[in-house]
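**Q** One structure, pasted below without further comment.
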Amino acid sequence: MPVIFQSLIDELQNIKSSEEFAGSRERIMEDLLRMKTEHEKLNFRYERLNKEKNILSSLLTRTSADLKKVSENLKIRAEELSAILATIPAYVFFKDRNLNYLLVNKGFAELVGIPAEQIKGRSVKDIFLNYNSSDYFVTEQRVIDSGTAMYNVEEEVEYNGRLRWVNTNLAPIRNAANEIIGLIGISWDITERKHFESDLMHSKELAEAGTMAKNEFIASISHEFRTPMNGIIGLAEILKNTVLDEAQDDLLKGIVSSAENLLALVNDLLDFSAIEAGKMELDFHPFMLDRVLEDVFQVLNLKAREKSLGFSVIINEDVPKHLHGDSQRLRQIILNLTNNAVKFTEQGEIEIHIRLLNRAMDRALLRFEVKDTGIGIPPEAMNLLFKVFSRIKQKQHYLISGTGLGLSICKKLTDLMGGDIGVESVYGKGSTFWFTLPFELSGPKLQNPYNTQTAVEVSYSGKKALVAEDNLINQKIVSFQLRRMGFEVELTDNGQAALEKFASMDFDLVILDIQMPILDGYQVAKAIRQQEKGTSAHLPIIALTANAMKGDRELYLEAGMDGYVSKPFTSEMLQQAIEFANKAAARKITP
Amino acid sequence: MQVKTFSTNTVRGFRQNWDQDTADGFRPNVAVVFSSVELDLTEVIAFLGQKGVKVFGSSSCGEFLYNREGKVISEGGLVCCMMDLIPGSFDLGLFNGIGATSFELGKRAGNWAIKVFKDPAILVVASGLTIDGEQLVRGIQDVAGQDITMFGGLSGDDAHFKETIVFSEASAESNGAVLLVLDKSVYDVNGIATSGWVSIGADKIITSSVGNIVYTIDHEPALDVYKQYLDVRDEDLPQIGIEYPLLIRKKDPDFVLRAVLNVDREKKALIFAGTVPEGAVVTFSSSPGFEIIEHTKKKVNEFYEFSSRSDLLILFSCMARHSALGPAISEEIDEAWTKWNKPLIGFFTYGEIGNNYKNSCDFYNQTFTLVSIKQK
Chain A
67 MPVIFQSLID ELQNIKSSEE FAGSRERIME DLLRMKTEHE KLNFRYERLN
117 KEKNILSSLL TRTSADLKKV SENLKIRAEE LSAILATIPA YVFFKDRNLN
167 YLLVNKGFAE LVGIPAEQIK GRSVKDIFLN YNSSDYFVTE QRVIDSGTAM
217 YNVEEEVEYN GRLRWVNTNL APIRNAANEI IGLIGISWDI TERKHFESDL
267 MHSKELAEAG TMAKNEFIAS ISHEFRTPMN GIIGLAEILK NTVLDEAQDD
317 LLKGIVSSAE NLLALVNDLL DFSAIEAGKM ELDFHPFMLD RVLEDVFQVL
367 NLKAREKSLG FSVIINEDVP KHLHGDSQRL RQIILNLTNN AVKFTEQGEI
417 EIHIRLLNRA MDRALLRFEV KDTGIGIPPE AMNLLFKVFS RIKQKQHYLI
467 SGTGLGLSIC KKLTDLMGGD IGVESVYGKG STFWFTLPFE LSGPKLQNPY
517 NTQTAVEVSY SGKKALVAED NLINQKIVSF QLRRMGFEVE LTDNGQAALE
567 KFASMDFDLV ILDIQMPILD GYQVAKAIRQ QEKGTSAHLP IIALTANAMK
617 GDRELYLEAG MDGYVSKPFT SEMLQQAIEF ANKAAARKIT P
Chain B
28 MQVKTFSTNT VRGFRQNWDQ DTADGFRPNV AVVFSSVELD LTEVIAFLGQ
78 KGVKVFGSSS CGEFLYNREG KVISEGGLVC CMMDLIPGSF DLGLFNGIGA
128 TSFELGKRAG NWAIKVFKDP AILVVASGLT IDGEQLVRGI QDVAGQDITM
178 FGGLSGDDAH FKETIVFSEA SAESNGAVLL VLDKSVYDVN GIATSGWVSI
228 GADKIITSSV GNIVYTIDHE PALDVYKQYL DVRDEDLPQI GIEYPLLIRK
278 KDPDFVLRAV LNVDREKKAL IFAGTVPEGA VVTFSSSPGF EIIEHTKKKV
328 NEFYEFSSRS DLLILFSCMA RHSALGPAIS EEIDEAWTKW NKPLIGFFTY
378 GEIGNNYKNS CDFYNQTFTL VSIKQK
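Those sequence lines, one after another, are chains A and B.
Last residue of the first sequence: 657 in the numbering used here, with the numbers rising by one and none dropped.
Last residue of the second sequence: 403 in the numbering used here, with the numbers rising by one and none dropped.
Have a look at this one:
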């Protein structure tokens, strides 16, 4: 019974008279009113609870059903996750903020040979003996600190006495308040891949070394080919100037043709090995486009006429003539494509056509087309063109010689010069090989002094030439060619002897082989220039060389030489070199 | 600042009380009037219009007045507070909300308030069934700043949910707001807002809503979800909606309560007193019974420690508290009256507006929002 009731009862029982009641009346009334208020409140609450009962009951029932559904879903998700973790071919682990394991999957436990429940609460150092990868700890700590995932963390760990490589992806785990509470890691054993990579790297190094050795061998052997080739071509030329009957003349033509083909092959191999070795350097200089095309025309017009083919060169009027670029390589590409055109065309004509594609400020983009009416290219073979050693196997082609290097070299050269190359062909009707190249424009006065020029018959009658060459065959060829030009020739087979002759006699021309015993060509040239010092004399000196690489010319000029000619060379090439050296020497003579 | 207060149940009684309290030469310039829609407010406004006072008036869902003469909690009555504020230290404006969003209305009212005083304190009442209280607050804050001092409530209509009214000495609006602005350099205006409601049930997601209209909860029609979970009959809505608001979770442990003020049966949508954003995580909520009284008492005592001097207390108490506590509601009101021993006037609202101490103003449901005004 509430205290207030008991006190009220006690008070009423103790009232003995109406006077006493009157005295207590006010207090009793207050108590009764307070009781009434409390009763009203309780009554309200009771009614309210009755009213709320259904609402709260419904809410709780519904919520309970919701929670049951959520619980069932969570159970399903947990089972799914558990199955995934158990079967995933990876090592999965969860860690707390202190980087201690919270949970690992079956794969992880099997890997380290410790039951999953025993791993909980332990650190990586407790699990992997001899573990000292501080970098890995730093990485995990960074994931915790920054909240950023880290991928492909590779480390080598030891377990079961074996060293294994593992690759790990790490990601932070956050709670509902977005606070980082740990991390998840997924690792894969990449030991096999590491071994494979290592083997692959080793194989790659071996392959690269092999390729380099191959290229060096090709360069070296090609170079060695050039010296005897010089002999064959030179001697054939001498022989051509003797009296031969028709059969002998035919045989000689065969020798010359075979030698020229072999020389072309050697040159291709040299270029190819230089390109493959990354040693092909371009030699940019001012030149006239007309001259390059005249040269190509002269070289191939004869061949075209022999096959009764028409041969024409068309240069559009808007094509700039004075260009800056590598004229020798341009000539090589045009010659190669045109040579092919002649080779694969039995009737009709060959046309070289040059167009201006674009011109802006001091640059021009030109398109060169070599069009033939030959056998064309079958569609299935189009994609083989420009690839190394690929040749089209077609019955009609069996009689046609070549290495398959030509178009490949053309492509490499156009690539090097920033251009493009391609072909359009209708099988059986002909082909148009084209390439585009960008050039800088040069002024009309800037002409390449080394540009090929048509040789003019000049007589050097009464002039004296000193020739230093250690190869007897080359001695014969040079002296024959010089004598044909009218020179009197003094021969020596080493540099020292050449200097002695120079000191004792007057000469109008000196021709020096570069590689000679005792003193080489450079040393002789330098000595001659030394002796000329203080005088107005400047004797024309020409280098004979089997080298044909870029940079050689600079070496000769630096040694004081006025020109050079590469072996093997023809009389025309030698005469051009002499002409040029004379002019260069004349410019250097102090008046 | 002199303050006189009275309560009555009739317009006649109102006139008599007014005349009686001004018989001694007291000349109030502001009247705070909270009245049931049962009374003829046109007569009340006409009477006050002749007295040359500014009127801060609102219809109610029950009104109360605690002073030295007694403690009155009534339904169908009227409470009035007469004040003689320092001329130039206050102003009053009534704003019609027809054709404007609640946010736009708030901006218009806010612009006016900051033109009257550089640093105003705002008392605001707005039509409970037509104004989105949250958007009104945001609109005022948009022009007057987040830190504006502002207290008030949404007018009620004795739980009929038909028409709620705010009024001044000149006019009454069922879609509008009345602002009484005070110069803060003259008056201290502080207050608290406390609820005590608790979350019930699992989290749910608001999957479709626009402003204060919620179309779907967990991809189910909102009205269906509400009725199924609370097992309420269609005819119980929207009345019951104010007692069982949705609790919108903010950053833990913060939350805000949003009461259902209306329903769109055709679209099976619920219309709330404030904005309920799409994607919000919500739960149902309920009062935990008489425990909330102790909660309120504790908060009142804390506030008294913070601000113990007052000339007048105005209380905006959610009508749901009255429904939940019944006669026990007097205990929490009494706590405030007893502490300061100054007149306390107020009404049961359809929504409350207020700052919690120095925090920025917000719109609430289910709260006991108490404001203290003290002339400096």
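Glycine is no exception: its CB is placed at the ideal position from the N, C-alpha and C atoms.
I'd like to know if the stretch 48-60 of chain B and the stretch 156-173 of chain B are in contact, where contact means that at least 3 CB-CB pairs between them fall below 8 Å.
**A** Contact between the stretch 48-60 of chain B and the stretch 156-173 of chain B is absent, because fewer than three Cβ pairs lie under 8 Å.
**Q** Specify whether the stretch 334-341 of chain B and the stretch 359-378 of chain B touch according to this definition: at least 3 beta carbon pairs, one from each stretch, less than 8 Å apart.
**A** Contact holds: three or more Cβ-Cβ distances are below 8 Å.
**Q** Can you pull the chain B neighbours of asparagine 116/A, defined as C-beta to C-beta under 8 Å?
**A** The residue labelled residue 116/A in the question sits at position 50 within the first sequence. None at all; the shortest Cβ gap to chain B is about 13 Å.
**Q** Considering only residues of the same chain and omitting the five flanking positions on each side of threonine 293/A, which have a CB-CB separation below 8 Å?
**A** On the first sequence, position 227 is the one that residue 293/A refers to. Taken in chain order, the residues that qualify are Asn537, Asn540, Ala612, Lys633.
**Q** Just to confirm the assignment: which complete beta strand (DSSP E) runs, minimum length 3, are found wholly within the stretch 538-567 of chain A?
**A** Runs found: 554-558.
**Q** List the residues of chain B whose Cβ lies closer than 8 Å to the Cβ of isoleucine 246/A, in chain order.
**A** Position 180 of the first sequence holds residue 246/A. Per Cβ cutoff of 8 Å: no residues; isoleucine 246/A is ~16 Å from chain B at best.
**Q** Does DSSP put isoleucine 121/A in a helix, in a strand, or in coil?
**A** Within the first sequence, numbered from 1, the residue matching residue 121/A stands at position 55. Note: isoleucine 121/A maps to helix in three-state DSSP.
**Q** What runs of the beta strand (DSSP E), each 3 residues or longer, lie entirely inside the stretch 299-387 of chain A?
**A** Listed in chain order, the complete beta strand (DSSP E) runs (minimum 3 residues) inside the stretch 299-387 of chain A are 351-354, 376-381.
**Q** Give a yes or no on whether 9 Å exceeds the smallest Cβ distance from leucine 99/A to chain B.
**A** Position 33 of the first sequence holds residue 99/A. No, no contact with chain B.
**Q** Against chain B, does asparagine 139/A count as a neighbour if the rule is that its beta carbon must be under 9 Å from one of theirs?
**A** Translated into the one-based positions of the first sequence, residue 139/A becomes position 73. No, its Cβ sits nowhere closer than 9 Å to a Cβ of chain B.
**Q** I'd like the span of the alpha helix (DSSP H) that includes alanine 229/B, first residue to last.
**A** In the second sequence, counting from the first residue as 1, residue 229/B sits at position 202. Where alanine 229/B is concerned, there is no enclosing alpha helix (DSSP H), although the beta strand (DSSP E) it sits in stretches over 225-237.
**Q** Hey, quick one: how far does the beta strand (DSSP E) through arginine 230/A stretch, first residue to last?
**A** One-based indexing of the first sequence puts residue 230/A at position 164. Looking at the DSSP string, the run of the beta strand (DSSP E) that includes arginine 230/A is 228-240.
**Q** Could you give the distance in angstroms between the alpha-carbon of cysteine 476/A and the alpha-carbon of leucine 375/A?
**A** Residue numbering aside, residue 476/A sits at position 410 when the first sequence is read from its first letter. Residue numbering aside, residue 375/A sits at position 309 when the first sequence is read from its first letter. Their backbone Cα atoms lie some 24 Å apart in a straight line.
**Q** Using a C-beta to C-beta distance shorter than 7 Å, which residues of chain A count as neighbours of leucine 274/B?
**A** Numbered from 1 along the second sequence, position 247 holds the residue referred to as residue 274/B. Here the premise fails: no neighbours, minimum Cβ distance about 13 Å.
**Q** What does a CB cutoff of less than 6 Å around arginine 595/A pick up in its chain, not counting 5 residues either side in sequence?
**A** If you number the first sequence from 1, residue 595/A lands on position 529. Within the same chain, arginine 595/A has close Cβ partners Gly626.
**Q** What is the DSSP secondary structure of glutamine 79/A, counted as helix, strand or coil?
**A** By one-based count along the first sequence, residue 79/A stands at place 13. Helix at glutamine 79/A.
**Q** Would you check if there are 3 or more beta carbon pairs closer than 8 Å linking the stretch 231-240 of chain A to the stretch 209-220 of chain A?
**A** Touching, per the Cβ criterion.
**Q** Find the nearest neighbour of glycine 440/A within the set Ile185/A, Arg429/A, Glu415/A, judged by alpha-carbon distance.
**A** Within the first sequence, residue 440/A is the residue found at index 374, counting from 1. Cα-wise, what sits closest to glycine 440/A is Glu415/A.
**Q** List the endpoints of the continuous beta strand (DSSP E) containing cysteine 412/B.
**A** This structure does not reach residue 412/B, given that chain B is present from 28 up to 403, and the question cannot be answered.
**Q** Decide if valine 110/B is buried, meaning its Cβ has at least 16 other Cβ atoms within 10 Å, or exposed.
**A** Along the second sequence, read from residue 1 onward, the residue named residue 110/B stands at position 83. According to the sequence shown, residue 110/B is methionine rather than valine. Buried, since its Cβ has 16 or more Cβ neighbours within 10 Å.
**Q** Looking at the unbroken alpha helix (DSSP H) that takes in lysine 437/A, where does it start and where does it end?
**A** As a first step, residue 437/A is located in the first sequence; it is residue number 371 there, counting from the start. Not the alpha helix (DSSP H): lysine 437/A falls in the beta strand (DSSP E), residues 429-438.
**Q** Cα separation between isoleucine 400/B and glycine 218/B?
**A** Along the second sequence, read from residue 1 onward, the residue named residue 400/B stands at position 373. Along the second sequence, read from residue 1 onward, the residue named residue 218/B stands at position 191. Going from the Cα of isoleucine 400/B to the Cα of glycine 218/B covers about 9 Å.
**Q** I'd like to know whether the C-beta of alanine 229/B is nearer than 9 Å to at least one C-beta of chain A.
**A** Taking the second sequence and counting its residues from 1, the one referred to as residue 229/B is at position 202. Judged by the 9 Å Cβ criterion, alanine 229/B is in contact with chain A.
**Q** To the nearest angstrom, how far is the alpha carbon of phenylalanine 74/B from that of glycine 223/B?
**A** As a working mapping, residue 74/B is identified with position 47 in the second sequence. As a working mapping, residue 223/B is identified with position 196 in the second sequence. In a straight line, the C-alpha of phenylalanine 74/B is about 40 Å away from that of glycine 223/B.
**Q** What residues of chain A sit near tyrosine 377/B, judged by a beta carbon separation below 9 Å?
**A** In the second sequence, the residue the question calls residue 377/B occupies position 350. Ordered by position in chain A, no residue passes the 9 Å Cβ test against tyrosine 377/B, which lies about 20 Å from the chain.
**Q** Would you list the one or two residues that DSSP bridges to serine 497/A?
**A** Locating residue 497/A in the first sequence gives position 431, where the first residue counts as 1. In the DSSP output, where bridge partners are listed per residue, serine 497/A has Ser491/A.
**Q** Rounded to a whole number of angstroms, what is the C-alpha to C-alpha distance between alanine 651/A and serine 491/A?
**A** Counting from one through the first sequence, the residue named residue 651/A turns up at place 585. Counting from one through the first sequence, the residue named residue 491/A turns up at place 425. Using only the alpha carbons, I get a separation of about 50 Å.
**Q** If you measure from the beta carbon of glycine 316/B to each beta carbon in chain A, is any gap under 9 Å?
**A** Your numbering for residue 316/B matches position 289 in the second sequence. Yes, because at least one Cβ of chain A sits closer than 9 Å to the Cβ of glycine 316/B.
**Q** Closer than 9 Å by beta-carbon distance: list the chain B residues that pair up with asparagine 120/A, in chain order.
**A** As a position in the first sequence, residue 120/A is number 54, starting the count at 1. Under the 9 Å cutoff, chain B gives Leu257, Asp258, Val259.
**Q** Whose C-beta lies closer than 6 Å to the C-beta of glycine 120/B among residues of the same chain, with five residues either side of it excluded?
**A** The residue you call residue 120/B lines up with position 93 of the second sequence. Trp139, Leu206, listed in sequence order.
**Q** How many angstroms separate the CA atom of leucine 401/A from the CA atom of aspartate 356/A?
**A** On the first sequence, position 335 is the one that residue 401/A refers to. On the first sequence, position 290 is the one that residue 356/A refers to. When rounded, the distance between both Cα atoms is 14 Å.
**Q** What is the DSSP secondary structure of cysteine 345/B, counted as helix, strand or coil?
**A** By 1-based counting over the second sequence, the position of residue 345/B is 318. Residue state, collapsed to three classes: strand.
**Q** Going along the chain, which residues of its own chain have a beta-carbon closer than 8 Å to the beta-carbon of proline 114/B, five neighbours each way excluded?
**A** As a first step, residue 114/B must be located in the second sequence, where it is residue number 87. The residues are Asn56.
**Q** Decide if glutamate 196/B is buried, meaning its Cβ has at least 16 other Cβ atoms within 10 Å, or exposed.
**A** On the second sequence, residue 196/B is found 169 positions in, with the first residue counted as 1. Classification of glutamate 196/B: buried, given that the 10 Å Cβ count is 16 or more.
**Q** Output, in sequence order along the chain, the residues in the stretch 302-327 of chain B whose CB is closer than 8 Å to any CB in chain A.
**A** Residues Phe311, Ser313, Gly316, Phe317.
**Q** Under 8 Å Cβ-Cβ, which residues of chain B neighbour leucine 133/A?
**A** Start at 1 with the first residue of the first sequence, and residue 133/A comes out as number 67. Under the 8 Å cutoff, chain B gives Ala229.
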